[in-house]
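A.B. asks: Before I ask anything, here is the structure I am working with.
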Amino acid sequence: MINQQLLHPESIVVIGGSNNKHKPGGAVVRNLLDGGYDGTLRILNPKEDEVQGIKAFHDVKELPPTDLAILVVAAKHCPDYVDYLASEKNVRAFIIISAGFSEETHEGGLLEQRILDTCEKFGCALIGPNCIGLLTRHHHSVFTKPIPQLDPRGVDFISGSGATAVFILESAVTKGLRFNSVWSVGNGRQIGIETVLEYMDENFDPERDSLVKLLYIENISDPDKLLYHATSLIRKGCRIAAIKAGSSESGSRAASSHTGAIASSDSAVEALFRKAGIVRCFGREELTTVGCILSLPQPLQKEGRRQHSMSPLSSEGEGGRLLRFAIVTHAGGPGVMLTDALSKGGMQVPPLTGPVADELKSKLLPGSSVSNPIDILATGGAKELELAINACEQIDDIDAIMVIFGTPGLMKIFEVYDVLHRKIQECKKPIFPILPSVSTAGPEVQEFLKRGHVNFSDEVTLATALTQIMKTPEPTRFEVELYGTDIPRLHKHISGIKESGYVSPELVREILSCAGISLVPELVSTSKDELSAFADQCGYPVVAKVVGPLHKSDVGGVALNIRSKEVLAAEFDRMMQIPDATAVMVQKMIKGTELFIGAKYEERFGHVVLCGLGGIFVEVLRDVSSGLAPLSYEEAYSMIRSLRGYKILKGTRGQQGINERRYAEVIVRLSTILRFATEIKEMDINPLLADENDVVAVDARIRVEK
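Mapped onto this note's numbering, the consecutive letters of the sequence shown carry residue numbers 46 to 751.
Structural data, given as structure tokens:
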């Protein structure tokens, strides 16, 4: 629980505060004093009479009632302090910096549980243990540095790791990113990342609160809670970016199918972030760069839509046209690298033509280029920079302006950054300042940052972060799409299954038909004559597949393009000799683009649904997208269009594209039946064959656990 004693304490006691500022107990006192805490600060230290100018209490019994206690003592002493302070001194909030709890030993976990039990008994808020503390504009209850610039409209940062939080703050400070609060939740026994988001959501005030949240997550203990409150905050106008560490793992832990080999906890994280609209980052520099982008005073606009509800960028997708950037630079190389990085990320750097470009060319120094990037030359200064920005502002085909301006150390460039400062305030289009000379122009850059700006010192890192933002879809609705599914019939089939394992091909067809998924005509039989009659009825060519072995191709259990009764009979005889063969399946052979859909149940997350191109694309290239069931149509389209092979689905080199609407429909309907059949733990449909008319399931496996 998060309460006012934690957020706005009128009094704080540091248990273990000291004069040694190089140790946590002394450092937290220093930070509280340097941060201008205006409440009553008390220190408990039995060996000191005065700590950093504050009279120290020698015995906890001497303390007056206090709102918040910060514990910086050995773990073994913490439970007794918490119990006494909560019961006798009316302390209702605790920040426990100390380590040595559940993160280290079983005994430490027992100490931690005692603390939690006491806090629950007395209604106390608990941050930690094993954390760096809590940093707000009201009190700097942390023992670490750096202390970033604090601003009501700065970002809120929540971290599951104290040390990593410090490194992320280091990265942010150099960029000028400002913060509203920093939460280090440590072991998070009571207040974890999800709890902080819940509080921010339920108490959100758009006029007062930060609109940007950055997260560093090591463990998602409550995915539903994270999803709900992240989605709610984003719908209220916030943006959220997050790193989820510790997601990689071997894909072979359940490799009985393509889905088992590909799906992992990381697939679940990817799906959760996609569903919530969280921008996923993979490193400190990327996270803080995304934070800077989202903190720009002028948000990126795209066809009248807010930055907060941006669709994935695709010239042919839901988002419409690509974002278009102008690059103003006095160094050709960085401009070219930035152009390449933006283009790779699906954005445009369009050529500038027309009267405005011609006029700009006439005013710049001889030899300057206005083709975009606009190169004002190394001899260009404040005047030329302002001319270029003014011209870009007039050109309708430009959505945002990127300015690269450093120095070789031959002159001071305060005047240049004065112009940049003024234009950022005046311009109706966002301006991204890329100031690479953080050493040779250190004073100028620092002065620029002090004015409330950020700096993207590396142009490629900026483009990468922008790409992550642009490809993040909007949060999705929570409604379940029931149209086209037969849930009562599904329940009947699932309830009839008595044993765990892979279900029969006949039952697979029944389950898929409950989702309205088209299936290729087929017959499973142990009778050669029945299969021959079926082939005559549906028409040659046909496909024969062995029934029994899981990996049919590996044991030679698939025969394609069978065109006669004699060949079918020979293949039947051969396949029935394969070990574990129980029957043979014959299907009508059809043509089309091979697709893949799979699903795997991940503990706590639910079903992760995967889609992609079939064949080599799923087996070797792993070109798949993931979503969390149940899925909306918006999510399904976003998944399809984020595939690297999406152009193949659209049709290339004169080839007809697939029926994308039908593919999305299959994905959504499949996710719906999974929502109502949690007994299904793994599903693999590979391939589906698609053309411009339909998407038909050819081969599928379903594994259940009863």
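C-beta: ideal position from N, C-alpha, C; glycine also.
Remember, it's a predicted structure, so these values are computed and weren't measured experimentally.
Express the C-alpha separation of Lys-92 and Asp-254 in angstroms, rounding to a whole number.
C.D. replies: Position 209 of the sequence shown, counting from 1, holds the residue named residue 254. Position 47 of the sequence shown, counting from 1, holds the residue named residue 92. Rounded to the nearest angstrom, the two C-alpha atoms are 42 Å apart.
A.B. asks: Tell me whether the beta-carbon of Gly-672 lies closer than 9 Å to the beta-carbon of Pro-268.
C.D. replies: Here residue 672 is taken as the residue at index 627 of the sequence shown, counted from 1. Here residue 268 is taken as the residue at index 223 of the sequence shown, counted from 1. It is not a contact, given that the beta carbons lie outside the stated cut-off.
A.B. asks: Could you tell me the distance, in whole angstroms, from the CA atom of Pro-518 to the CA atom of His-151?
C.D. replies: Residue numbering aside, residue 518 sits at position 473 when the sequence shown is read from its first letter. Residue numbering aside, residue 151 sits at position 106 when the sequence shown is read from its first letter. Using only the alpha carbons, I get a separation of about 42 Å.
A.B. asks: Buried or exposed for Thr-638, please, with buried defined as at least 16 other CB atoms from any protein chain shown within 10 angstroms of its CB.
C.D. replies: Residue mapping note: residue 638 aligns to position 593 of the sequence shown, counting from 1. Answer is buried; the Cβ neighbour count reaches 16.
A.B. asks: Short of 7 Å in beta carbon distance, which residues of its chain neighbour Asp-442, apart from the five on each side in sequence? Order them along the chain.
C.D. replies: Sequence index remark: in the sequence shown, residue 442 carries index 397 (1-based). Result list for Asp-442: Arg-369, Pro-395, in chain order.
A.B. asks: Return the first residue and the last residue of the alpha helix (DSSP H) that Leu-557 is part of.
C.D. replies: Counted from its first residue, the sequence shown places residue 557 at position 512. Element bounds for Leu-557: 550-558.
A.B. asks: What does the alpha-carbon distance come out to for the pair Phe-501 and Leu-511?
C.D. replies: Locating residue 501 in the sequence shown gives position 456, where the first residue counts as 1. Locating residue 511 in the sequence shown gives position 466, where the first residue counts as 1. Their backbone Cα atoms lie some 11 Å apart in a straight line.
A.B. asks: So Lys-100 is in the beta strand (DSSP E); what residue range does that whole segment cover?
C.D. replies: Taking the sequence shown and counting its residues from 1, the one referred to as residue 100 is at position 55. Unbroken beta strand (DSSP E) run through Lys-100: 99-102.
A.B. asks: For Lys-68, which option in Ala-445, Val-136, Phe-188, Met-634 has the closest C-alpha, if you only look at C-alpha atoms?
C.D. replies: As a working mapping, residue 68 is identified with position 23 in the sequence shown. Taking only the C-alpha atoms, the option nearest Lys-68 is Phe-188.
A.B. asks: With 16 other CB atoms within 10 Å as the buried threshold, where does Glu-133 fall?
C.D. replies: In the sequence shown, residue 133 corresponds to position 88, counting from 1. That one is exposed.
A.B. asks: Could you say which of Lys-166, Gly-561, Gly-199, Asn-435 lies nearest to Pro-342 if we only look at CA atoms?
C.D. replies: Taking the sequence shown and counting its residues from 1, the one referred to as residue 342 is at position 297. With distances taken between Cα atoms, Pro-342 lies closest to Gly-199.
A.B. asks: Grouping DSSP H, G and I as helix and E and B as strand, with all else coil, what is Cys-283?
C.D. replies: Counting from one through the sequence shown, the residue named residue 283 turns up at place 238. Note: Cys-283 maps to coil in three-state DSSP.
A.B. asks: Comparing alpha-carbon positions, which option in Ser-204, Ser-683, Ile-449, Leu-734 lies nearest Pro-520?
C.D. replies: Taking the first residue of the sequence shown as position 1, residue 520 is located at position 475. Cα-wise, what sits closest to Pro-520 is Ser-683.
A.B. asks: Just grab the DSSP bridge partners of Cys-656 for me.
C.D. replies: For the purposes of this step, residue 656 is taken as the residue at position 611 of the sequence shown. Beta-bridge pairing links Cys-656 to Ile-642, Ser-670.
A.B. asks: State the beta-bridge partners of Arg-496 as determined by DSSP.
C.D. replies: In the sequence shown, residue 496 corresponds to position 451, counting from 1. Answer is none; Arg-496 lacks a bridge partner.
A.B. asks: For a minimum of 3 consecutive residues, which ranges assigned as the beta strand (DSSP E) are wholly contained in the stretch 195-252?
C.D. replies: Fully enclosed beta strand (DSSP E) runs of 3 or longer: 195-204, 224-229.
A.B. asks: State buried or exposed for Ile-661, treating a residue as buried only when at least 16 other CB atoms are found within 10 Å of its CB.
C.D. replies: The residue you call residue 661 lines up with position 616 of the sequence shown. Answer is exposed; the Cβ neighbour count stays below 16.
A.B. asks: Looking at the structure shown, is Met-447 part of a helix, part of a strand, or coil, going by DSSP?
C.D. replies: Position 402 of the sequence shown, counting from 1, holds the residue named residue 447. Residue state, collapsed to three classes: strand.
A.B. asks: Compute the Euclidean distance between the alpha carbons of Ile-60 and Ile-172, then round it to the nearest angstrom.
C.D. replies: Counting from 1 along the sequence shown, the entry for residue 60 is found at position 15. Counting from 1 along the sequence shown, the entry for residue 172 is found at position 127. Spanning the two alpha carbons is a distance of roughly 15 Å.
A.B. asks: In its own chain, which residues sit with a C-beta less than 8 Å from the C-beta of Ile-685, not counting the 5 before and 5 after it?
C.D. replies: Taking the first residue of the sequence shown as 1, we reach residue 685 at position 640. Correct list, in chain order: Cys-656, Ser-670, Tyr-691, Leu-694, Glu-705, Tyr-708, Ala-709, Ile-712.
A.B. asks: If we ignore side chains and look at the alpha-carbon of each, how far apart do Ser-301 and Cys-337 end up?
C.D. replies: In the sequence shown, the residue the question calls residue 301 occupies position 256. In the sequence shown, the residue the question calls residue 337 occupies position 292. Annotation note: pLDDT 45 at Ser-301 (below 50); position unreliable, no value reported.
A.B. asks: For Tyr-7, which residues does DSSP report across the bridge?
C.D. replies: Lying outside 46 to 751, the shown extent of the chain, residue 7 is not represented and no answer is given.
A.B. asks: Which one of Tyr-82, Val-740, Gly-70, Ala-376 has the shortest CA to CA distance from Leu-640?
C.D. replies: As a position in the sequence shown, residue 640 is number 595, starting the count at 1. Comparing Cα-Cα distances from Leu-640 to each of Tyr-82, Val-740, Gly-70, Ala-376, the minimum goes to Val-740.
A.B. asks: Which whole-angstrom value is the C-beta distance of Ser-229 and Ile-115, which I expect to be below 8 Å?
C.D. replies: What you label residue 229 is simply residue 184 of the sequence shown in a count that begins at 1. What you label residue 115 is simply residue 70 of the sequence shown in a count that begins at 1. Actually they do not touch by this definition, with Cβ atoms about 12 Å apart.
A.B. asks: Determine whether the beta carbon atoms of Cys-164 and Ile-140 lie at a separation below 9 Å.
C.D. replies: Taking the first residue of the sequence shown as 1, we reach residue 164 at position 119. Taking the first residue of the sequence shown as 1, we reach residue 140 at position 95. No.
A.B. asks: Taking its Cβ as the centre, do 16 or more other Cβ atoms sit within 10 Å of Asp-201, making it buried, or is it exposed?
C.D. replies: Against the sequence shown, residue 201 aligns to sequence position 156. So Asp-201 ends up on the buried side.
A.B. asks: To the nearest angstrom, report how far apart Arg-534 and Leu-51 are at their CA atoms.
C.D. replies: Within the sequence shown, numbered from 1, the residue matching residue 534 stands at position 489. Within the sequence shown, numbered from 1, the residue matching residue 51 stands at position 6. About 53 Å.
A.B. asks: State the DSSP-derived secondary structure class of Met-515, mapped to helix, strand or coil.
C.D. replies: On the sequence shown, position 470 is the one that residue 515 refers to. Met-515 falls in the helix class under three-state DSSP.
A.B. asks: Given Glu-55, which residues of its chain have a CB within under 8 Å of its CB, disregarding the five upstream and five downstream residues?
C.D. replies: Taking the sequence shown and counting its residues from 1, the one referred to as residue 55 is at position 10. The answer, listed in chain order, is Gly-84, Thr-85, Asp-112.
A.B. asks: Give a yes or no on contact between the stretch 317-333 and the stretch 281-290, applying the rule of three or more CB pairs nearer than 8 Å.
C.D. replies: Flag = yes, the stretch 317-333 and the stretch 281-290 touch.
A.B. asks: What did DSSP end up calling Pro-124 once you bin it into helix, strand or coil?
C.D. replies: To locate residue 124, count along the sequence shown from 1; it is residue 79. It is helical.
A.B. asks: Using the Cα positions of Asp-128 and Ser-143, report the straight-line distance between them to the nearest angstrom.
C.D. replies: Translated into positions along the sequence shown, residue 128 becomes position 83. Translated into positions along the sequence shown, residue 143 becomes position 98. Using only the alpha carbons, I get a separation of about 16 Å.
A.B. asks: Starting from Asn-435 and walking both ways along the alpha helix (DSSP H), at which residues does that stretch end?
C.D. replies: Locating residue 435 in the sequence shown gives position 390, counting from the first residue. Segment 427-439, the alpha helix (DSSP H) holding Asn-435.
A.B. asks: If you draw a straight line from the C-alpha of Thr-530 to the C-alpha of Ile-718, how long is it?
C.D. replies: Counted from its first residue, the sequence shown places residue 530 at position 485. Counted from its first residue, the sequence shown places residue 718 at position 673. About 7 Å.
A.B. asks: Is Ala-402 close to the ligand NAP? I mean its beta-carbon at under 8 Å from any heavy atom of the ligand.
C.D. replies: Of the ligands one can find in the structure shown there are none, so the ligand NAP has no counterpart to examine.
A.B. asks: CA-CA distance, Gly-233 and Val-227?
C.D. replies: Position 188 of the sequence shown, counting from 1, holds the residue named residue 233. Position 182 of the sequence shown, counting from 1, holds the residue named residue 227. About 14 Å.
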